[in-house]
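Heads up, the thing below is written out as structure tokens.
In our numbering, the protein residues as written are 1 to 448.
Dropping the structure here:
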């Protein structure tokens, strides 16, 4: 009976498949096979034994492992016994030779993370492509800029999307820097000395990881140090926080009183069980909610690095929960965010309405700047405009402060309060950043 929402509600089939019990078991078997090959290469075990161990990959069943574990109460010992049972002659005695449990388990985790990262990179690239396309499509879509929740000078939707695209680019850069630190395995034995492997220890580790196409730790104790994994979880938390930020912005802009854009809403969708008129930003809200779960695991991941001496088991139980959940949920969040952004509906009438909501009072900066250009001191210019705006807002009439009209004509004021005349280099910035991203990631040349 399904219990966790990941089982039936959240997550993509691709990412979920990496973190099933069966998949993890297969990654463990791959690691045991790679170890036996490496040991055979250096003459530590017979070549025939390595051949026999490799044959067991399709023979060993997880159900048999479970049977043995009920007797032994030790997961790795049960797996070793289940593999050994499938080896002919006396080859079974060489399974897991010289290794400790976490040589296998930590290396198998690295294989799972490698597959997960491959999916996450593709998801982020898709998201980046959508953001670049939106940036270029809306580079001249002028809208309200807002600070502190208040309308400010004009902004553009293209600039907003491009800022998010640039942030995703930085996450991809961070992942590139992180991969060599997280995608590593180990074969260092019970406390890290490789004593059971004798003089071949370092060579066995090197060869095992070569077979698995992983990097090798430089040094470790019984476990791979968890600062690596904590860094990865923190990276995931950073990614979902960006999607959280995007989700919050979409939800804000979909508010009834703003209503500049909205999530796509199908003709048969239901927004509320009791208010039939509702069109709620449910996907963005879901993204924001799930992002909290991923961020919540950062503290646990950091604590998993504070193990006793050469290791204890306090990290093991929590990681069985952390690693699948953070990977599955982050993947789902990225995909959901990409879907939302790909299907946004824009209400250009409301964008225009909000842009002119203050009847030009939000264009105080360009008036102040023009006054300064015409010889007024900055302090005085700011005060002239501030008093003028305050008088208008207090309905006492702006003409009480005639200084502005003595310097600027009505034609000047009309030009300066036109929001489309005051977007600075927004278009050029978008074109520059998107050009770099298109070139860097070889995106399709459709972003004109």
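Virtual Cβ for every residue (Gly too), placed ideally from N, Cα, C. Only a predicted model underlies this, so the values are computations on that prediction, with no experimental measurement involved.
Alpha carbon to alpha carbon, what distance is there between residue 44 and residue 57? Their backbone Cα atoms lie some 21 Å apart in a straight line.
7 Å Cβ shell around residue 238 - same chain, five flanking residues per side excluded: Setting aside the 5 residues that flank it on each side, residue 238 is surrounded in the same chain by 171, each with a C-beta closer than 7 Å to its C-beta; the list follows chain order.
Is the distance from the Cβ of residue 361 to the Cβ of residue 389 below 9 Å? Their beta carbons are under 9 Å apart, which means residue 361 touches residue 389 by this criterion.
Find the nearest neighbour of residue 435 within the set 7, 46, 129 and 292, judged by alpha-carbon distance. Of all alpha-carbon atoms in 7, 46, 129 and 292, the one lying nearest the alpha-carbon of residue 435 is that of 129.
Sheet register partners of residue 216 (DSSP bridge): 185, per the DSSP bridge assignment.
If I follow the unbroken beta strand (DSSP E) through residue 155, where does it start and stop? Counted as a single uninterrupted DSSP element, the beta strand (DSSP E) harbouring residue 155 occupies residues 150 to 156.
Whose CA, out of 288, 291 and 323, lies closest to the CA of residue 304? Taking only the C-alpha atoms, the option nearest residue 304 is 323.
By Cβ distance, which residues of its chain are closer than 7 Å to residue 23, with the 5 residues on each side in sequence left out? Closer than 7 Å at the Cβ level, and outside the excluded window around residue 23, lie 17.
Secondary structure at residue 130, three-state DSSP: helix, strand or coil? DSSP, reduced to helix, strand and coil, places residue 130 within a helical segment of the structure shown.
Need the endpoints of the alpha helix (DSSP H) that residue 326 sits in, please. For residue 326, the uninterrupted alpha helix (DSSP H) run begins and ends at 314 to 342, by DSSP.
Less than 9 Å between the C-beta atoms of residue 42 and residue 295, yes or no? No, they are not a contact pair.
When you compare the CB positions of residue 341 and residue 371, do they come within less than 9 Å of one another, or not? Going by C-beta atoms, residue 341 is not nearer than 9 Å to residue 371.
Per DSSP, residue 262 is paired with what? For residue 262, which the question treats as bridged, DSSP gives the partners 345.
Report the CB separation of residue 178 from residue 107 in whole angstroms; it is logged as a contact under 8 Å. Contact flag wrong, Cβ pair sits at about 18 Å.
Should residue 452 and residue 53 be called a contact, given that it needs their Cβ atoms to be closer than 9 Å? Here the chain comprises residues numbered 1 to 448, so residue 452 is not present and cannot be evaluated.
For residue 145, which three-state DSSP category applies? Note: residue 145 maps to strand in three-state DSSP.
Please name the residue, chosen from 234, 143, 210 and 405, that lies closest to residue 175 on a Cα-to-Cα basis. Among 234, 143, 210 and 405, the Cα nearest to that of residue 175 is on 234.
List, from N- to C-terminal side, the alpha helix (DSSP H) runs of 4 residues or more that fit wholly inside the region 410 to 437. Segments of the alpha helix (DSSP H) lying fully in the region 410 to 437: 410 to 416.
Check whether the region 271 to 286 touches the region 145 to 155, taking contact to mean three or more Cβ pairs, one atom from each stretch, closer than 8 Å. With a cut-off of 8 Å, the region 145 to 155 and the region 271 to 286 do not count as touching, because too few Cβ pairs lie within range.
Counting C-beta neighbours from all protein chains within 10 Å, is the total for residue 59 16 or more, i.e. buried, or is it exposed? Classification of residue 59: exposed, given that the 10 Å Cβ count is below 16.
Nearest residue (CA-CA) to residue 197, options 49, 252, 40 and 166: It is 40.
Let me know the secondary structure DSSP gives residue 275 once reduced to three states. In the displayed model, residue 275 falls within coil according to three-state DSSP, outside both helix and strand.
Three Cβ pairs or more, each shorter than 8 Å: is that satisfied between the region 216 to 233 and the region 313 to 323? Because the criterion of three Cβ pairs below 8 Å is met, the region 216 to 233 and the region 313 to 323 touch.
Any chance the region 237 to 256 sits against the region 328 to 335, with 3 or more Cβ pairs inside 8 Å? They touch, by the three-pair rule.
Would residue 76 and residue 35 be called neighbours here (beta carbons separated by less than 9 Å)? Contact check for residue 76 against residue 35 fails: the beta carbons are separated by 9 Å or more.
Less than 8 Å between the CB atoms is what I'm expecting for residue 141 and residue 158, so what's the real figure, rounded? The distance from the Cβ of residue 141 to that of residue 158 is about 6 Å, consistent with a contact at the 8 Å cut-off.
With DSSP run on the structure shown, which of helix, strand or coil describes residue 11? Of the three classes helix, strand and coil, the one that applies to residue 11 here is coil, per DSSP.
Between the alpha carbons of residue 392 and residue 350, how many angstroms are there, rounded? Answer to the nearest angstrom: the Cα atoms are 24 Å apart.
When you compare only the Cα positions, how much space is there between residue 48 and residue 135? Taking the straight line joining both Cα atoms gives about 60 Å.
Whole angstroms are fine: how far does the CA of residue 354 sit from the CA of residue 150? So the two alpha carbons sit approximately 11 Å from each other.
Only counting the same chain, and skipping five residues up and downstream in sequence, which positions put a Cβ closer than 7 Å to that of residue 437? Hits under 7 Å: 128, 132, 165, 169 and 443.
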